[in-house]
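Residue numbers (the working numbering), protein chains in the order written: chain A, 12 to 264; chain B, 766 to 1228. Glycine residues also receive a C-beta, built at the ideal position from the N, C-alpha and C atoms. For clarity, every value in this text was computed on a predicted model and none was experimentally measured. Written out below as structure tokens is the structure these notes cover.
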């Protein structure tokens, strides 16, 4: 049994009057990839955005229940949301590099959190992060070019480098490959395999094959409820719930 | 007569629409003919033939009529050969007035009586002739186009083509107006520069166009003329006041834009934005007396309280009020560009653990910078071209100064001063207004051009 990194307990989320998540309880293991699958609008993105409190940005969103990371309640009143997000990085569905140079994109996090004392430290962080994101070799001669000049797959790896630049414990990935072609997707998946030795990864995906390839545990969401969560092999070979069975065999969704 | 005739043409047009429509419908049912367009398009087709050529002919007749009438009426006088062109046109005006019953001549000679009779006759005839020509043409074309309706005619396409020509003509009007203004400015400016060297105008330090009259009074000192039209004090005043205005409007406008786009709740936005935009809609003359009667005395009192000499009309007061006026130009344009930075960039920054302020300063403003700079440049060109506030609050005295507490004058103010009252159109004083206008036009055009280029070149494409 791996140690538990994140634990959600009876999580209910409302957007105004509409309830988006119903009593979701699950845990995620440290330094493993956990995949969340389910049809569109099932609440998996809402769930992942609770883990770094990105839902705070939305005024009408209300979160009830408890989420613990390393045993600390992240919705506790004394929790600093900026520090939480430093520890819980996020990669979005559409690559969203800032309209700055490649270097400045990666240096953004270390700069605002004051991680690098000297310029040389900052340069080292940028280079290591780009290397970890398997992008360094492609961009090492043009670090001052704009981040938006890269291809889609490169932009997404730049966003991954940006996320790991502040050395988080956890990386949340919200459908990171949905805007990418199959070759770029394969590279990101390969990268996730490398990254899980250091980081706890939670990935939301539409592709069941992707969940099967990269994750050790998989949770299936449907209509705002967590239907089933188990080891990935178990979910795909022998699901215990009929709805999961129907979804993975392509009967709906 | 023009009004009645045009109304008649429009009535014919409406009637012919129904005629065309009706005939197309009849053809459809009686002959089982397969017409190419819906019947109302044939209505439009006939109506266009009825209206457009008639209006064009009317336009042509009215623009050339007066020339021919004058030639005809004055033919006896022209035959004498002893009148100049100016005298002839004066004579024609006198004859016109005589025809109206105003007594202008000491005694009506045979020639004048003849001319008056000729005028009355030709006016009557030409009016009748115009009616006949225009209405006749319209009627003929209605008949022609009605009989032209058959299954080979695609009226839908013809209507579309006509609309294309119409759109083109409308855009041509705007373009030709601009070109026309430029050329009239250029013509007068060249005439001005033939009397005053362009270097004296651009680099001279002394602006006092009233000196021209000294020369005309007989004192033929040309150095005085050279010294009268140095526009540097005006350029300096213009830029000083624009600079003060920008010092007010840039920080206030930009911070307003940031508040409106990032902090204000939708409710606050809904009522605050329109109120801010009202600032741009207040007539500038109202700003002018606000500046002259409220702000200028205030500036003077505060300045004197601090032991400074402040003139009662100061560049500071005018610049300050102008700055208030252009706040909405900056705030609403910048607000739009900041808002149009994609939400994904905000989320990306928040997800890195950045605060709202860090996100705004480090991500949103750099991303929106081209648009913001563009809004600054548009505001500058507005400030440079502004007239009323400066006329009322900044003074008319062309003094070369960089002191904002002193009176200053601008290019626009001097144009107003020069062109108020009776003008002599060949005096260099009057023509200098055109030179100033052209300079202003070139400067604002350049600023607008740069603004557009900046916005275009540095705008990030967010697909």
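query: Residue 1064 of chain B burial status per 10 Å Cβ neighbour count (16 or more: buried); result: buried
query: Exposure label - residue 776 of chain B; buried when at least 16 CB within 10 Å; result: exposed
query: Where residue 1186 of chain B sits in the DSSP three-state scheme; result: coil
query: Coarse secondary structure for residue 124 of chain A, derived from DSSP in three states; result: helix
query: Whole-angstrom distance between residue 80 of chain A and residue 141 of chain A, CA atom to CA atom; result: 27 Å
query: Proximal chain B residues relative to residue 142 of chain A, where beta-carbon distance stays under 9 Å; result: Here the premise fails: no neighbours, minimum Cβ distance about 19 Å.
query: Option nearest residue 1134 of chain B by Cα separation, candidates B:1194, B:1056, B:1068, B:1023; result: B:1023
query: 8 Å contact criterion, which residue 56 of chain A and residue 112 of chain A should meet: CB distance rounded; result: Going by Cβ atoms, the distance from residue 56 of chain A to residue 112 of chain A rounds to 30 Å, so no, they are not a contact pair.
query: Beta-bridge partners of residue 233 of chain A, as assigned by DSSP; result: A:236
query: Simplified DSSP assignment, three categories, for residue 32 of chain A; result: strand
query: Buried/exposed call for residue 825 of chain B, threshold 16 Cβ in 10 Å; result: exposed
query: Meets three-Cβ-pair contact criterion under 8 Å: the region 883-900 of chain B and the region 786-794 of chain B; result: no
query: Beta carbon proximity, residue 1237 of chain B to chain A, threshold 9 Å; result: Outside the displayed span of chain B (766 to 1228) sits residue 1237 of chain B, for which this structure offers no information.
query: Residue burial classification, residue 244 of chain A (beta-carbon count within 10 angstroms, cutoff 16); result: exposed
query: Residues near residue 1032 of chain B in its chain [Cβ-Cβ closer than 8 Å; skip 5 each side]; result: none
query: Cβ-Cβ distance between residue 176 of chain A and residue 137 of chain A below 9 Å; result: yes
query: Cutoff 6 Å; reference residue 71 of chain A; Cβ partners in own chain excluding five residues on either side; result: 26, 27
query: 9 Å Cβ cutoff, residue 793 of chain B in contact with chain A; result: no
query: Cutoff 9 Å: residue 71 of chain A Cβ touching any chain B Cβ; result: no
query: Helix, strand or coil at residue 851 of chain B according to DSSP, with G and I counted as helix; result: helix
query: Under 7 Å (Cβ pairs) to chain B, residues found in the region 113-138 of chain A; result: 119, 120, 123, 124
query: From A:43, A:97, A:33, residue whose alpha carbon lies closest to that of residue 205 of chain A; result: A:43
query: DSSP three-state assignment for residue 1021 of chain B, whether helix, strand or coil; result: helix
query: As assigned by DSSP and simplified to three states, the class of residue 955 of chain B; result: helix
query: Closest residue to residue 106 of chain A among A:251, A:36, A:160 (Cα-Cα distance); result: A:160
query: The region 1085-1104 of chain B touching the region 1175-1189 of chain B, judged by at least three CB pairs closer than 8 Å; result: no
query: Simplified DSSP assignment, three categories, for residue 53 of chain A; result: coil
query: Other residues of its chain near residue 165 of chain A: CB distance less than 7 Å, five sequence neighbours each side excluded; result: 146, 149
query: Cβ contact check for the region 1147-1159 of chain B and the region 1050-1069 of chain B: 3 or more pairs under 8 Å; result: yes
query: Neighbouring residues, chain A, relative to residue 1123 of chain B (Cβ below 7 Å); result: 123
query: C-beta contact flag for residue 1113 of chain B and residue 97 of chain A at 9 Å; result: no
query: Contacts of residue 1110 of chain B in chain A (Cβ-Cβ under 7 Å); result: 107, 109
query: Straight-line Cα distance separating residue 835 of chain B from residue 1191 of chain B; result: 27 Å
query: Reference residue 226 of chain A, options A:234, A:235, A:216, A:232, closest by Cα; result: A:216
query: Alpha helix (DSSP H) runs wholly inside the region 140-190 of chain A, at least 4 long, in chain order; result: 147-150, 163-175
query: Within chain B, partners of residue 93 of chain A - CB distance below 8 Å; result: 1118, 1119, 1120
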